[in-house]
Amino acid sequence: MWEVVKSVLAAFLGVQREQQRLKDFEKGNPVAFIAVGIVMGAVLVGLIVLVASLAAG
Amino acid sequence: MRTLLVWLAGGLTLVGSSQVALANGWNMPVGVSTLSGEIYGLHMTIFWICVVIGVVVFGVMFYSLFKFRHSRGAKASNFHENTTVEVIWTIVPLLILVGMAVPATATLQKIYDPSEAELDVMVTGQQWRWRYEYLGEDVSFISNLATPRAQINGEEARGEHYLLEVDEPLVLPVNRKVRFLFTSDDVMHAWWVPQLAVKQDAIPGFVNENWVEIQEPGIYRGQCAELCGVDHGFMPIVVHAVEEEEFDTWLAERKEAAAEEAMGIDREWEMDELMERGEGIYSSICASCHQPEGQGSPPAFPALAGNEQLISDKDWHVNKVINGVSGSAMPSFRNTLNPVELASVLTYTRNAWGNDTGEVVQPAEIAERLEE
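So the protein lines, in turn, are chains A and B. With the UniProt record's numbering, letter number 26 in the first sequence gets 26, and the count goes up by one each step, no holes. With the UniProt record's numbering, letter number 80 in the second sequence gets 80, and the count goes up by one each step, no holes.
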């Protein structure tokens with residue numbers, strides 16, 4: 001699970017090790033990546049909203 | 001050592017050319033409002049950040065091109081990916097962007113805070129002039145281009161403020177927070193006065209806000225900044241910033257004049273006074289489309305001189321001026337002109353250039369029509 005989170009974080013940044021990428025594509029479960037991606041996308045949006053409201057408040 | 005000299009020369013050239021740009025007025029002005037200096041500072045900060053990035057990126061690039069050139073026997077190294085470098089060049093721009101966003105957001109917040117304004121001015125764009133209304137003061141007027149047609153047509157030498165002069169400037173007090181409410185009667189316009197650091201769209205059906213607190217009395221000029229039709233370049237803005245007492249006196253005078261004008265609606269007007277007034281209004285408002293001699297510019301702008309329908313049907317004529325013609329360039333003048341002004345321009349167009357109907361259109365009957 002932690003491996004999936006790390007891979008999604010790397011995708012957010014747009015940089016990934018070739019080794020890790022091959023591993024993800026061979027052994028990873030696409031459903032897990034999609035689910036974690038959606039959840040972390042929501043978390044990112046939430047974080048931005050939080051920072052923006054802190055700045056505006 | 002040589003490399004250092006090249007860097008130094010490059011840096012000096014950049015600083016020098018930016019000073020030239022400043023001296024020539026190519027840069028944005030520092031301005032005269034409480035926020036304009038801050039906006040200018042922000043602009044310069046970001047400009048210098050961009051300069052540094054440009055120097056570093058192109059410096060590394062040109063240095064590499066020169067140092068590792070083919071004639072010196074350079075061999076390309078062949079490798080794929082370097083995660084550390086990739087992370088660095090992703091994180092560094094991210095930090096730079098966040099670093100720029102922090103002061104920019106702080107300034108934007110101030111720009112978008114028109115609260116506690118002491119004066120509200122409604123600014124309405126229309127093809128092709130601005131209307132200013134001092135809310136709650138019963139004072140409103142339209143501001144037209146004052147540059148003579150002869151200068152525009154090239155028959156006369158251009159004046160100092162060619163296309164940047166108006167008949168009635170917007171008068172504002174210094175040291176008071178003034179809130180602007182922007183909207184439009186027809187198409188999108190934008191009210192832009194560089195010295196006040198205000199550039200705001202005027203959109204039909206929307207009200208945009210902005211504010212200014214001017215710190216120095218003076219005359220500040222601007223233009224419409226949103227392409228709005230054939231006379232887009234002929235609807236300038238002039239702001240006359242005056243001391244507070246002078247502004248209060250001016251506003252009181254305008255209020256009195258407006259009240260007097262309202263009284264004038266009920267009395268019987270003479271043909272001559274309506275004609276005289278109507279001529280002025282015609283040349284500042286109607287002539288840009290219907291032409292100075294009423295000959296129009298068909299098919300877009302019909303002729304008024306010798307127009308059979310206009311001459312024979314007064315009711316039709318009054319209706320067109322008050323309500324406009326939908327689907328054409330003819331706007332409604334119901335809210336732009338007061339009854340006296342409407343009656344004047346109607347009387348003028350019904351009697352000028354050989355349209356000798358001999359009819360006087362009285363302000364009182366127009367006021368009645370407006371109530372309907």
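No residue lacks a Cβ here, since even glycine has one placed at the ideal position from N, Cα and C.
Chain-ordered neighbours of residue i on chain D, where CB pairs are closer than 9 Å
| i | result |
| --- | --- |
| residue 105/B | Checking the listed chains, one finds no chain D in this structure; the protein chains it contains are A and B. |
Unbroken beta strand (DSSP E) run spanning residue i, endpoints
| i | result |
| --- | --- |
| residue 119/B | 119-126 |
| residue 129/B | 129-134 |
| residue 166/B | Counting along the chain, residue 166/B falls outside any beta strand (DSSP E), and DSSP gives it neither H nor E. |
Burial state of residue i, where buried means 16 or more other Cβ atoms lie within 10 Å
| i | result |
| --- | --- |
| residue 326/B | exposed |
| residue 197/B | buried |
| residue 78/B | exposed |
| residue 348/B | buried |
| residue 180/B | buried |
| residue 112/B | exposed |
| residue 68/B | exposed |
| residue 200/B | buried |
| residue 2/A | exposed |
| residue 147/B | buried |
| residue 339/B | buried |
| residue 25/A | exposed |
| residue 214/B | buried |
| residue 182/B | buried |
| residue 351/B | buried |
| residue 128/B | buried |
| residue 294/B | buried |
| residue 271/B | exposed |
| residue 16/B | exposed |
| residue 162/B | exposed |
| residue 331/B | buried |
Short Cβ contact (8 Å threshold) for residue i with residue j
| i | j | result |
| --- | --- | --- |
| residue 355/B | residue 305/B | yes |
| residue 242/B | residue 174/B | yes |
| residue 176/B | residue 119/B | yes |
| residue 91/B | residue 49/B | no |
| residue 321/B | residue 333/B | yes |
| residue 126/B | residue 36/B | no |
| residue 222/B | residue 237/B | yes |
| residue 33/A | residue 5/A | no |
| residue 169/B | residue 240/B | yes |
| residue 171/B | residue 247/B | yes |
| residue 329/B | residue 301/B | yes |
| residue 117/B | residue 211/B | yes |
| residue 123/B | residue 134/B | no |
| residue 345/B | residue 286/B | yes |
| residue 31/B | residue 195/B | yes |
| residue 226/B | residue 190/B | yes |
| residue 284/B | residue 144/B | yes |
| residue 109/B | residue 11/A | no |
| residue 228/B | residue 263/B | no |
| residue 130/B | residue 235/B | yes |
| residue 357/B | residue 142/B | no |
N-terminal and C-terminal residue of the alpha helix (DSSP H) that residue i is part of
| i | result |
| --- | --- |
| residue 196/B | Unbroken run through residue 196/B: none, as it is neither H nor E. |
| residue 37/B | 36-67 |
| residue 245/B | 244-264 |
| residue 90/B | 83-111 |
| residue 39/A | 30-56 |
| residue 369/B | 363-371 |
| residue 301/B | Counting along the chain, residue 301/B falls outside any alpha helix (DSSP H), and DSSP gives it neither H nor E. |
| residue 8/A | 2-13 |
| residue 310/B | 308-312 |
| residue 277/B | 271-281 |
| residue 22/A | 18-27 |
| residue 289/B | 287-290 |
Residues sharing a beta bridge with residue i, DSSP
| i | result |
| --- | --- |
| residue 355/B | Partner(s): none; residue 355/B has no beta bridge. |
| residue 182/B | 123/B and 208/B |
| residue 218/B | 241/B |
| residue 223/B | 192/B |
| residue 29/B | Note: residue 29/B sits in no beta bridge, so no partner. |
| residue 145/B | 166/B |
| residue 173/B | 242/B |
| residue 140/B | 133/B |
| residue 202/B | 189/B |
| residue 297/B | 301/B |
Inset, instruction - Count the C-beta pairs between the stretch 358-366 of chain B and the stretch 265-279 of chain B that are closer than 8 Å, then say yes if the count reaches three, no if not. - result: yes
Inset, instruction - Please determine if the stretch 248-259 of chain B and the stretch 130-148 of chain B are in contact, where contact requires at least 3 C-beta pairs separated by less than 8 Å. - result: yes
Inset, instruction - Check whether the stretch 98-105 of chain B touches the stretch 201-221 of chain B, taking contact to mean three or more Cβ pairs, one atom from each stretch, closer than 8 Å. - result: no
Inset, instruction - Count the CB pairs spanning the stretch 12-21 of chain A and the stretch 45-57 of chain A that are closer than 8 Å, and state whether there are at least three. - result: no
Legend entry - Segment contact, 8 Å Cβ cut-off, at least three pairs: the stretch 142-156 of chain B with the stretch 210-225 of chain B: no
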